[in-house]
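Engineer:
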Amino acid sequence: MNYTDKVPFNHLVETRKIHEICNISTESLIISNLKLPSSFSHNPYGKIDKNSVIEYASHSDSTLYHLKNVYVCHSMLTSDSNQIFKFDKHYETSCIFCGGFGNVVGAYDHIIAVGNVFFQYGHFFIDVLAPLMLIPENIREKAYIAVQGIPKYKIDILVHIGFPRHRIVRAIGSEWLYGRNDYTLAPHPYLSYAGVTFERLGKLIRKSYKIEKIVPTKYTLSNRGKKEKDQFQTSI
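Here you go:
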């Protein structure tokens, strides 16, 4: 199928611009190694410096798309069965967001599609849960959510933040899910949303797990080196 950044009028219900600001203290940011790794050649972000990191950590800019009668694939792209919608032209050849021909395995009145082809632990928080905070609560309360891979920890977190088990749908391989109403974001989530999304997610998780009054005494910073990358992904 071909890709397009234009949604046909008969599949578009509405779009909603989102601009959220998170007032943070720059002293609370740990900024290290501003050199972009060569392995991030598919990453659209250009120059990385202190100011751009602060901007990234403070602002969330997006467009909420409410689509109708479309199909959702495992990398959370949507299609009208003739073409696949990509709202970011710089992802045109990226494997992060891809789709092809396959079977339709489910149909839903309302479905949320945020995320990408990566399904590991960190990406689940950064590319699914964080942007999910920009989806209005009244939509989250009634919609199914498509997730690529649903191990126990994903189910546990999603159930705690308001998605009953029966509204968590697995999206895999070349399969497609049909949505009479589909909710997605542009730019497509790939390290795209920080700031207020992390703040809201933290508050929601603390409330849902009833740990609001617990004050953390230790913080952990972790990264994975090139040699440990594969081992890290399979160990989570």
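In the numbering used here, each residue carries its 1-based index in the sequence shown increased by 9. We put the CB at the ideal spot given by N, CA and C, even for glycine.
Does the stretch 61-79 come close enough to the stretch 184-196 to have 3 or more Cβ pairs within less than 8 angstroms?
Structural biologist: yes
Engineer: Three or more beta-carbon pairs under 8 angstroms between the stretch 84-97 and the stretch 192-206, yes or no?
Structural biologist: Verdict: yes, contact present.
Engineer: Do three or more CB pairs link the stretch 155-168 to the stretch 198-213 at distances below 8 angstroms?
Structural biologist: no
Engineer: Between the C-alpha atoms of I223 and S201, what's the straight-line distance to the nearest angstrom?
Structural biologist: Taking the Cα positions, I223 is about 29 angstroms away from S201.
Engineer: Please specify which runs of the alpha helix (DSSP H), each continuous and at least 4 residues long, are wholly inside the stretch 161-208, giving them in chain order.
Structural biologist: 161-169
Engineer: Classify D14 as helix, strand or coil using the three-state DSSP reduction.
Structural biologist: D14 falls in the coil class under three-state DSSP.
Engineer: Which term fits A116, buried or exposed, when burial requires 16 or more other beta carbons within 10 angstroms of its beta carbon?
Structural biologist: exposed
Engineer: Over what stretch of residues does the alpha helix (DSSP H) that includes A66 continue unbroken?
Structural biologist: Start and end: 59-67.
Engineer: Which residues does DSSP pair with A116 in a beta bridge?
Structural biologist: Answer is Y187, bridged to A116.
Engineer: Beta carbon of A180, beta carbon of A203: below 8 angstroms?
Structural biologist: no
Engineer: Rounding to the nearest angstrom, what Cα-Cα distance links I2 and L138 in this structure?
Structural biologist: What the structure shows of the chain is the stretch from 10 to 245, and residue 2 is not part of that stretch, so it cannot be assessed.
Engineer: Comparing C-alpha positions only, which one of N32, S84, Y74 sits nearest to E64?
Structural biologist: N32
Engineer: Return yes when the Cβ of I121 is within less than 8 angstroms of the Cβ of A152, no when it is not.
Structural biologist: yes
Engineer: Drop a sphere of 10 angstroms on the beta-carbon of H175, count the other beta-carbons inside from all chains shown, and report buried for 16 or more, exposed for fewer.
Structural biologist: exposed
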